[in-house]
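Numbering (the working numbering), first residue to last: 203 to 380.
Here it is, written out as structure tokens:
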């Protein structure tokens with residue numbers, strides 16, 4: 203039993219040592235400070251609500267399938283559901299397409315959410331720049347994204363993973379460094 207415990211201890215030590223010595227796939231030289239930072243004031247431009255009635259807020263995308271040929275566009279409207287349509291087109295096309303999404307709300311104690319939209323755009327081409335618009339009929343907002351390359355062992359694909367960064371000046375620097 204003693205040699206087994208020694209073996210487990212040795213393997214565990216090697217694994218932990220490897221985790222400390224490797225950089226975990228670190229691809230950026232940007233390193234956030236360890237010290238506590240000051241919160242951003244609520245009137246900062248990064249918190250500014252888009253102008254206009256029921257303008258889409260918190261617009262963001264996520265990969266919508268396992269291979270990169272779909273994107274989920276999400277946004278919130280504060281006053282009413284509004285349009286659940288996303289208009290999109292590729293950079294080299296004048297032909298605009300539409301995708302229909304769904305709208306959700308939730309309540310938690312005395313809090314009622316805004317109108318949360320999720321719309322999946324499917325059948326996209328790999329490695330292509332797309333433009334998209336949300337807020338059809340009220341205050342449209344336009345954004346863009348580039349789909350990843352085709353899946354393969356040599357496909358160059360870099361992505362970012364962001365958790366809850368808080369609302370500090372450093373969190374804004376972190377986002378801007380991506």
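Positions of the beta carbon are idealized from the N, C-alpha and C atoms, including for glycine.
DSSP bridge partner residues for residue i (one or two, in chain order)
i: residue 315; result: Residue 315 pairs with nothing; no bridge assigned.
i: residue 259; result: 278
i: residue 333; result: 291 and 346
i: residue 268; result: DSSP output for residue 268 lists no bridge partner at all.
i: residue 323; result: 273
i: residue 308; result: Paired residue(s): none; residue 308 is not in a bridge.
Nearest-angstrom Cα separation, counted from residue j out to residue i
i: residue 255; j: residue 281; result: 8 Å
i: residue 267; j: residue 205; result: 48 Å
i: residue 357; j: residue 350; result: 9 Å
i: residue 337; j: residue 233; result: 36 Å
i: residue 286; j: residue 355; result: 37 Å
i: residue 293; j: residue 326; result: 12 Å
i: residue 321; j: residue 265; result: 12 Å
i: residue 300; j: residue 290; result: 6 Å
i: residue 237; j: residue 376; result: 14 Å
i: residue 312; j: residue 305; result: 20 Å
i: residue 253; j: residue 244; result: 17 Å
C-beta neighbour in chain B for residue i, strict 7 Å
i: residue 337; result: Looking for chain B here will not work: only one protein chain is present.
Integer-rounded CB distance, given that residue j should sit under 8 Å from residue i
i: residue 307; j: residue 295; result: Going by Cβ atoms, the distance from residue 307 to residue 295 rounds to 34 Å, so no, they are not a contact pair.
i: residue 269; j: residue 323; result: About 14 Å; that fails the 8 Å criterion.
i: residue 319; j: residue 276; result: 6 Å
i: residue 248; j: residue 329; result: At roughly 30 Å, the Cβ-Cβ gap does not stay under 8 Å, so residue 248 and residue 329 are not in contact.
i: residue 259; j: residue 273; result: Not really, about 19 Å apart at Cβ, beyond 8 Å.
i: residue 284; j: residue 317; result: 7 Å
i: residue 166; j: residue 263; result: What the structure shows of the chain is the stretch from 203 to 380, and residue 166 is not part of that stretch, so it cannot be assessed.
i: residue 239; j: residue 360; result: At roughly 26 Å, the Cβ-Cβ gap does not stay under 8 Å, so residue 239 and residue 360 are not in contact.
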